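This report refers to the structure that appears directly beneath it.
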Amino acid sequence: MSEIFHAFRQRLAALFRRRHFEDDLDEELRSHLAMAEELNLRKGISAAEARREALRSFGGIEQVKEICRDQKGLPTIEAAFRDVRFGLRMLRNSPGFSMVAILCLTLGIGANSAVFSWVEGILFRPYPAVTHQERLAAVTGTVRGESDPDAISWPDFLDLQKNCTQFDAFIVTKITGTTLSVGERAERTTGSIVSANYFDAIGVHPILGRGFEPGEDTGRNAHPVVVISYQLWQRRFKGDREIIGKTQRLSGVVHTIVGVAPEEFYGTFVGWAMQFWVPASMEEIFESGGYKLEDRSARWIEAYVRLKPGVTLAQAQEEISAVAKRLEADYPETNRGRGIKLWPLWQTPFNNAGTLLPTFEIMLAVVVFVLLIACANVGNLLLIRSLARHREMTVRLAIGASRKRLVKQLFTEGLILSAFGAAGGLVVAHWCRNALVLLFPSRGGVAMHLPNQIDWRVLGLSAGVCLIATLLLGLVPAMQASKIDLAGALKAESAGVVGKRGTAWFRSGLVLVQVSLSFVLLVGTGLLLQSLQKIRTASPGFSAHRVLHTAVDLVSAGYDAQRAQNFEDELITRVKALPGVESAAFARSTPMSYGSYSSTPIAVDGYQPAPDEQPTVEYNEVGPDYFLTMGIAVASGREFTRADDEKAAPVAIVNETMAARYWRGKNPVGERLQVKSRWMRVVGLARDSKYENVRELPKPFFYVPLRQNFSVQTALNIRSLLPPGAMAAALTREVRALDPGLALYEVITLQEQVDRSTSPQLVAATLVGVLGGLALLLAAIGLYGVMSCAVSESSRELGLRMALGADASNLLRLVISRGLALTVGGVLLGATVALVLTRSLGNLLYEVSPRDPLAFGGAFAAMIIVSLAACFLPAWRATRTDPARILRD
Amino acid sequence: MPSSKTEVLQGTLDLLVLKTLDSMGSMHGFGIALRIQQVSEDLLKLNQGTLYPALLRLEERGWITSKWGVSENNRKAKYYSLTRLGRKQLGEEAESWARMSAMINRVLGTSSQ
């Protein structure tokens, strides 16, 4: 082994030191001759004779040099270069073939690299600038008997941190939003509430100022400090170098800017770019639901842990579960049935990683399909060409090329093709890298961000894919070449004698596979599109199209509860008076916006919870006329009125699922409900609707009057047929009339809000659709290639048929029916595969059966139409056959 | 074929060079040529030039290494010496040579009887 290595190194070195080698050799030989001459002189021979004798006994100097040079040359490497040069020439000679082959490979490899790079960038290395992401894990709470994870309370978090030993760090990060007003402009910005160790623990060092200091996450509202993002610093503060120590009002509280994060840091939330970070002590200012740092029942934290090096997730889970168990025993009131769960980063349930995971799993399968189709295509093209080059191969074999050499040559050509394909693919991947961002709606100026550079793992995987593609591609013609029967082939008049039947079968087989794979993708596309359609048209339980949604930023303006209530009363009156407005109502949270409902433990008269059950239900605080405005029917009882204010008795409205669960289907109107030690009278029963996303199952939910549970930040819902633009203009007028210093948020329909919440489905359907189309195109190319080749190969047969009286339509039918037979065969095969595979689409499908006949039928129709198109040209060419010429030849 | 001017087979020349370097240590090309002629008592009339492709070949196989030095007469010359790998190879080649020549001797001996 070391011998081979040594020789190789020598030769390689020699390649780059050719000049050096020549000089060396010259000098060595000169020195030899000089020594010989000297010796001869010493023997007493005359000078001229001594020189002649030395030259004579040496032999031919130039011959020796030539032999040395030959030996020094690099037979293997030079042969490889020759193969490459020759291969390139062959590709140039048939530009059509080369273009199509390289295009197929570029698309196949590009699609793979792009998806790899997304998966890597979003799931495995989601946070640029964060160190040791491989040891990060997401942490959530669990509720016994429920599959959805829950958040964690601050006291629980502190106890976990104190009692666990397998972790380097516990990090709190909770997405929040606020309105930022710098100068005259107000805009919605997204930020994180974090623990004080946040920046240190993730290894991110602010470029100006500092991160948070220990202790800044304790004390109620005690540390109004903020670290801002580089982007915010540049955009809103014009890159002011003196920013540190300046103040900024956030959610109505003056914060001191203590740091600016590095440019490449966007926070730790997949799908959102954070603009600011505040310590957990300021939680009450940014989060609804009051002061929660000492409340074990208030679960609001999203957290990460960094495992100590060498600790596995399972070990860490074991320890943290044990601690959670102790907490459950110590605090049964709040922690009964509660556990803690660790998640690998790519399964993080509380950001878009979890939502995107199923999409990416499918994408990975799909791009492998596309690559296989592309490879089959190129394989087919190579095969067809190898038939055309059969003559060349035979001659080369006859004049002494070894079969090994020919196979090597063919492999080299495959390698060149896939190298071009890979280069093209990487370019495609690079373009597509941030194209994914386009598919995500930019919600109020917050966009998805992917680290720009493609990481080595992606390059490695793509290279691997490329290598496999090459092996597959080179294999086909190489097998052909090694089967050439020399004598037979040379004797034959024309090319194409060898294994004709065999290769025809093989090529048809490849097309069959292509057709079936693209059929599967088409079925998948059809299912996802239908499902998307169903989701987009599904009724969310409220009239999304007719309700406009917006908010006024009272918090930044420093409104207290009293002022806010007065303002809201005034505004509602003015809005209701606007032409085209049917009704309007304030509410704290909006359906389908990111996790914004409060949840609370409840107790119900006559409902005995199971021993380890703590009934917890989400609720919304809504103003009078909310149900009327939203179009949610109140099935029994009444809705809230202006009379349900802070002076009146506490009331609540529950939904049907809640009534069914806690009142066993009995009409709950008039019954009592306990929320946080406060008893409320149930006055209404509302129909179920969707709260967080369209796909959710019906869940218990209740409503309380806004006035009895006031919070300054509220959203305004307006039932009107006016377009959002017109409403925005009118609203701005009304708001300014009340207080010129207030800023209005974007006005959108609730349907827009719903659409934004279904973006993962949109992304999945769009991507699979694009790739399905790509697969269809590739399959069409494959089919076209095979049919063209079949037609030109059987020109003799076609000519004979024509001579015997077949007319153009007969021939057309003959060729097309052969193409269709292949297609139908492929479709049958594909349908079988699809029936098995579409089941894995499972949770991406919404009210669509994986065996949906429309999707299958549509895919079938598309396949047939495309294959007809692909066969038509070859078939038409068949009818142009000139029987006289064919028969004469 | 004139018996005094035995043609040197390629493999044989390699073996001779290895053996020479083994017994004499580091030497330059001219020295090796002289030594081979001396030892074979001028029986082996090799064109000294043919030595150089052989040296190059051996070096590429890693059996010998070379470096520039200064000869006894203060002349710049390239010195060759045996590597560990070369020494091992010499052992193997010498052995197979011995086997081969013994066999040939036996064949010749039996046929001449």
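Protein chains in written order, with my numbering: chain F, 629 to 1517; chain A, 159 to 271. Using N, Cα and C, we set each Cβ at its ideal position, and we do this for glycine too. Model, not experiment: these values are computed from the prediction.
(request) Determine, using beta carbons only, whether F:E1121 comes closer than 8 angstroms to chain A. (result) Confidence is the limiting factor: at F:E1121 the pLDDT is only 43, short of 50, which leaves the residue's position unreliable, though a coordinate-based value still follows. No, its Cβ sits nowhere closer than 8 angstroms to a Cβ of chain A.
(message) Between which two residues does the alpha helix (DSSP H) holding F:F744 run?
(response) In the DSSP assignment, F:F744 falls within the unbroken alpha helix (DSSP H) covering 723-746.
(message) Here's the rule I'm using: 16 or more other beta-carbon atoms within 10 Å means buried, otherwise exposed. How should F:G672 be labelled?
(response) With fewer than 16 other Cβ atoms within 10 Å, it is exposed.
(request) Tell me F:E1249's beta-bridge partners as DSSP assigns them. (result) For F:E1249, which the question treats as bridged, DSSP gives the partners F:V1332.
(message) With a threshold of 8 angstroms between beta-carbons, can F:S659 be considered close to chain A, or not?
(response) Yes - at least one Cβ of chain A is within 8 angstroms of the one on F:S659.
(request) Tell me whether F:V771 counts as near the ligand COA, meaning its Cβ is closer than 7 angstroms to at least one heavy atom of that ligand. (result) As far as ligands go, the structure on display features none, and thus does not contain the ligand COA.
(message) Pull the bridge partners of F:T983 from the DSSP assignment, please.
(response) The partner list for F:T983 (beta bridge, DSSP) is empty, contrary to what the question assumes.
(message) Mapping the DSSP letters down to three states, classify F:W974 as helix, strand or coil.
(response) The three-state reading of DSSP puts F:W974 in helix, counting H, G and I together.
(request) Report the rounded CA-to-CA distance for F:L1390 versus F:G1259, giving the unit in angstroms. (result) If you take the alpha carbons of F:L1390 and F:G1259, they lie about 26 angstroms apart.
(message) Need the endpoints of the alpha helix (DSSP H) that F:S1046 sits in, please.
(response) In the DSSP assignment, F:S1046 falls within the unbroken alpha helix (DSSP H) covering 1031-1061.
(message) Which residue marks the beginning of the alpha helix (DSSP H) containing F:P1352, and which one marks its end?
(response) From DSSP, the alpha helix (DSSP H) with F:P1352 extends over 1352-1366.
(message) Between the alpha carbons of F:R1031 and F:F714, how many angstroms are there, rounded?
(response) In this structure, the straight-line span from the alpha carbon of F:R1031 to that of F:F714 is close to 17 angstroms.
(request) Helix, strand or coil for F:S1385, going by three-state DSSP, please let me know. (result) DSSP places F:S1385 in helix when its eight states are reduced to three.
(request) Report the rounded CA-to-CA distance for F:S1070 versus F:T1257, giving the unit in angstroms. (result) Bear in mind that a pLDDT of 48 at F:S1070, under 50, signals an unreliable position, so the model cannot answer this.
(request) Pull up the distance between the alpha-carbon of F:E1425 and that of F:R1508, whole angstroms please. (result) The straight-line gap from Cα to Cα measures roughly 13 angstroms.
(message) Just to make sure I have the definition right: I need the residues of chain A whose C-beta is within less than 8 angstroms of the C-beta of F:A675. Which are they?
(response) Listed along chain A, no residue sits closer than 8 angstroms to F:A675 by beta-carbon distance, the nearest being about 16 angstroms off.
(request) List in chain order: all unbroken alpha helix (DSSP H) runs of 4+ residues lying wholly within the stretch 894-972 of chain F. (result) The qualifying runs are 911-914, 941-958, 960-963.
(message) Please state the DSSP three-state secondary structure of F:L1344.
(response) When DSSP states are grouped into helix, strand and coil, F:L1344 belongs to the strand group.
(request) Assess, as a yes-or-no matter, whether the stretch 1151-1171 of chain F is touched by the stretch 1258-1274 of chain F under the definition of 3 or more beta carbon pairs within less than 8 angstroms. (result) At 8 angstroms Cβ cutoff, the stretches touch.
(message) In the DSSP assignment, the beta strand (DSSP E) including F:S885 goes from what residue to what residue?
(response) Strictly speaking, residue 885 of chain F in this sequence is Ile, with Ser absent from that position. Element bounds for F:I885: 881-888.
(message) Can you list, in chain order, the residues of its chain with a C-beta nearer than 6 angstroms to that of F:G738? Leave out the 5 residues immediately preceding and following it.
(response) So the qualifying residues of the chain are G1053, V1056, A1057.
(message) I'd like to know whether the C-beta of F:F686 is nearer than 8 angstroms to at least one C-beta of chain A.
(response) Answer yes: the Cβ-Cβ gap between F:F686 and chain A drops below 8 angstroms somewhere.
(message) Helix, strand or coil for A:Y238? Go by DSSP, reduced to three states.
(response) If DSSP states are grouped into helix, strand and coil, A:Y238 belongs with the strands.
(request) Find the nearest neighbour of F:A1434 within the set F:D1510, F:M1415, F:F1255, F:V712, judged by alpha-carbon distance. (result) Relative to the Cα of F:A1434, the nearest Cα in the group F:D1510, F:M1415, F:F1255, F:V712 belongs to F:D1510.
(request) Pull up the distance between the alpha-carbon of F:L1016 and that of F:F725, whole angstroms please. (result) It is worth fixing the name first, because residue 1016 of chain F is Ala in this sequence and not Leu. Rounded to whole angstroms, the separation of the alpha carbons of F:F725 and F:A1016 is 12 angstroms.
(request) Give a yes or no on contact between the stretch 206-225 of chain A and the stretch 678-698 of chain F, applying the rule of three or more CB pairs nearer than 8 angstroms. (result) In short, these stretches touch, since the Cβ pair count reaches three.
(request) Identify which residue in F:L764, F:L667, F:V898 has its Cα closest to the Cα of F:G938. (result) Nearest option by C-alpha distance: F:L764.
(request) Verify the CB distance criterion: does A:L214 have a CB-CB separation below 8 angstroms to chain F? (result) A:L214 counts as touching chain F.
(message) Residues in the same chain with beta-carbon distance under 7 angstroms from F:R1270, minus the five sequence neighbours each way, listed in chain order, please.
(response) The residues are P1252.
(request) Using the Cα positions of F:S1348 and F:H1177, report the straight-line distance between them to the nearest angstrom. (result) Going by the C-alpha atoms only, they are around 10 angstroms apart.
(request) Could you name the residues that DSSP lists as bridge partners for F:K802? (result) F:K802 is bridged to F:I821.
(message) Below 8 angstroms on C-beta distance, what does F:I799 contact in chain A?
(response) Per Cβ cutoff of 8 angstroms: no residues; F:I799 is ~56 angstroms from chain A at best.
(request) In angstroms with no decimal places, state the Cα-to-Cα distance between F:G831 and F:E1324. (result) Distance between the alpha carbons of F:G831 and F:E1324 is about 37 angstroms.
(request) Determine which residues share a DSSP beta bridge with F:Q1302 and list them. (result) Partner(s): F:A1231, F:W1307.
(message) Between F:F1484, F:E762, F:G687, which has its C-alpha nearest F:T1153's C-alpha?
(response) Nearest of F:F1484, F:E762, F:G687 to F:T1153, Cα basis: F:F1484.
(request) Could you check which residue in F:V1148, F:A676, F:S659, F:A1506 has the C-alpha nearest to that of A:W226? (result) When F:V1148, F:A676, F:S659, F:A1506 are compared, the shortest CA-CA separation from A:W226 is found for F:S659.
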